[in-house]
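Note sheet for the following structure.
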Amino acid sequence: MWDDGGVTACTRYWFRECPVKTTSFNPARFAPLDASESARRLQETWAATLRGDRSPIAPRPVIGQSWQRVKRFGVQPEQGTGSVLLQAEEIEHRRTSTALADVMPVLSGGLGSVADASLQIMVVTDAEGRVLWREGNAGVLRRADTICLEEGAAWSEDTTGTNAIGTALTAGAAVQVHSAEHFVRTLHNWTCAAAPVHDPRDGRLLGIIDVSGPDSTFHPATLALVDSVSRLAESELRTRHLGSIERLRAVAAPILCRLGGRALVVDTHGWLAAVTGMPPIDRVPLPNSFGAGRYWLPPLGTCVAEPLPGGWLLRVTEADTSGCASRVVLDLGEPRRPSATVAGAAGSWAQDLSPRHAELLYVLALHRRGRSAAELALDLFGDPTRTVTVRAELSRLRRRFTGLLDHRPYRFREEVEVEVILPDDPVDLLPQSTAPAVVGARVSGRHEGRQ
């Protein structure tokens, strides 16, 4: 930390609110249970499940849940996998506007050459499951054309059924799908493993990296490899972001030295570069739509935002930092993009939520009288002893939603009106979540849209 004329630059840097992968990956949850299980046995399971019969070998949970979803989408097991391709101009636009373009050398070096040598291909999609890049074995690339696994094609579950790309999008985790685990019969001669890549600046899903090939190329270690490369890509994005923060800090220092009062400079995602006249904070959560002008931000109060190269100058104009929020709308209707809108006399503010924060706010909305740390640990992890993790998450959440949440017990403030918008089908409630409270709501079908 340094000080120059009353300007403090914060050198601490954490990606606290993003789903950074820090725990060891357990491929057993998302890989076929037995690598030697024959395609014939998988075919029997697939056929029996579609008939509604009881199969000697039940599909893995991640596959069974996916089959249920795609049937609700209206996907037919005998349909093709074709889709309307994006135009070349749209593909190029999506390539240049995604951070995945910055890590393509990492992905190619980590997976492209391996896929080529193992008679497979590497596929990179955006957050909608649209294929943006692919490379690998020339023969497999030609074979992939026959199933529309090509640039611009759609590979979400609602288009092509259960497949590693689409199922990883929905599950929010690395997934391997082999042979007849694919819902559409056309894909039974294929095997694939995919993992999501998140933007460490805001936790947003950037897309999916996938390795696909003929079913004869199946290997259980492919899943762990793909997941490891996705972590490597996120690490590269983190390093690039730190560099951009340092450049913004150099721009901010002389500007803040000339200002009186409280002000801070943040990047376009709200991460702090420098501050003057007030204690440093890690991040200011910016609204989804943000530009120059006057805003009410819960952590700061009313601010005037001015653009800077690579970020924003925020000048705090009111001493009140608690805000005057009176209403919160927790929108869980979009399965892959939960958000919260906060409104009050000073204005409104909206932002996307990380999966963990969406879970916590959902549970607190259900229990307006409050929950202890042990109860929340049971709600989220099924383990009442994980109170340290819960308290850390709630501390971050309370800083982010200043004036909205109380503690002892943790709860929304009594004067705050809370509305929860739920998906039409309970199964689509936070589909990435494994929290017992969320899973129980999916199973029971309980819809409590307004609290």
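In this text, residue positions in the sequence shown follow this note's numbering: the first is 50, and each later residue adds one.
We put the beta carbon where it would ideally sit given N, CA and C, even for glycine.
As the structure is a computational prediction, the values presented were derived from the model and not from experiment.
Practice task
Let me know if Val-437 comes out buried or exposed under the rule of 16 or more other beta-carbons within 10 Å of its beta-carbon.
Solution key: exposed
Exercise for the section: Pull up the DSSP beta-bridge partners for Pro-313, would you. Expected result: A small fix is needed here, since residue 313 is Leu in this sequence, not Pro. DSSP, once it has assigned bridges, lists Val-324 and Leu-363 as partnering Leu-313.
Problem - With 16 other Cβ atoms within 10 Å as the buried cut-off, status of Thr-71 - result: In this predicted model, Thr-71 has a pLDDT of only 41, less than 50, meaning its place in the structure is not dependable; the value taken from the coordinates is given anyway. Looking at its Cβ environment, which holds fewer than 16 other Cβ atoms inside 10 Å, Thr-71 is exposed.
Handout entry: Per DSSP, cross-strand counterpart(s) of Val-173
Key = Trp-182 and Ile-258
Practice task
Would you check if the distance between the CB atom of Gly-159 and the CB atom of Val-260 is smaller than 7 Å?
Solution key: no
Handout entry: Gly-342 - DSSP class collapsed to helix/strand/coil
Key = strand
Practice task
Inspect the CB distances between the stretch 279-289 and the stretch 261-270 and report whether three or more fall short of 8 Å.
Solution key: no
Problem - Under 7 Å between C-beta atoms of Leu-427 and Leu-255 - result: no
Practice task
Report the three-state DSSP secondary structure of Pro-110 (helix, strand or coil).
Solution key: helix
Problem - Cβ pair Glu-466, Arg-386 closer than 7 Å - result: no
Exercise for the section: Could you tell me the boundaries of the beta strand (DSSP E) in which Thr-240 lies? Expected result: 239-247
Exercise for the section: Could you check which residue in Arg-311, Thr-325, Pro-348 and Phe-122 has the C-alpha nearest to that of Pro-334? Expected result: Pro-348
Handout entry: Residues near Thr-48 by beta carbon distance below 7 Å, same chain, minus five either side
Key = Nothing can be reported for residue 48: it is not among the residues displayed for the chain, which extend from 50 to 500.
Exercise for the section: Would you give the residue range spanned by the alpha helix (DSSP H) that His-406 belongs to? Expected result: 404-415
Handout entry: Anticipated Cβ contact below 8 Å, Leu-363 with Ala-312, distance rounded
Key = 6 Å
Problem - CA-to-CA distance, Thr-147 to Gly-340, given in whole angstroms - result: 20 Å
Handout entry: Nearest-angstrom Cα separation, counted from Val-189 out to Pro-245
Key = 23 Å
Handout entry: Own chain, CB closer than 7 Å to Gln-481, minus 5 neighbours either side, in chain order
Key = Ala-220, Gly-221 and Pro-404
Practice task
Measure the Cβ-Cβ separation of Cys-241 and Ala-213 and say whether it is below 7 Å.
Solution key: yes
Exercise for the section: Pull up the distance between the alpha-carbon of Ser-421 and that of Pro-475, whole angstroms please. Expected result: 26 Å
Practice task
Determine which residues share a DSSP beta bridge with Phe-461 and list them.
Solution key: Leu-454
Exercise for the section: Please report how far the alpha carbon of Ala-97 lies from the alpha carbon of Pro-126, in whole angstroms. Expected result: 13 Å
Exercise for the section: Please state whether DSSP places Pro-356 in a helix, a strand or coil. Expected result: strand
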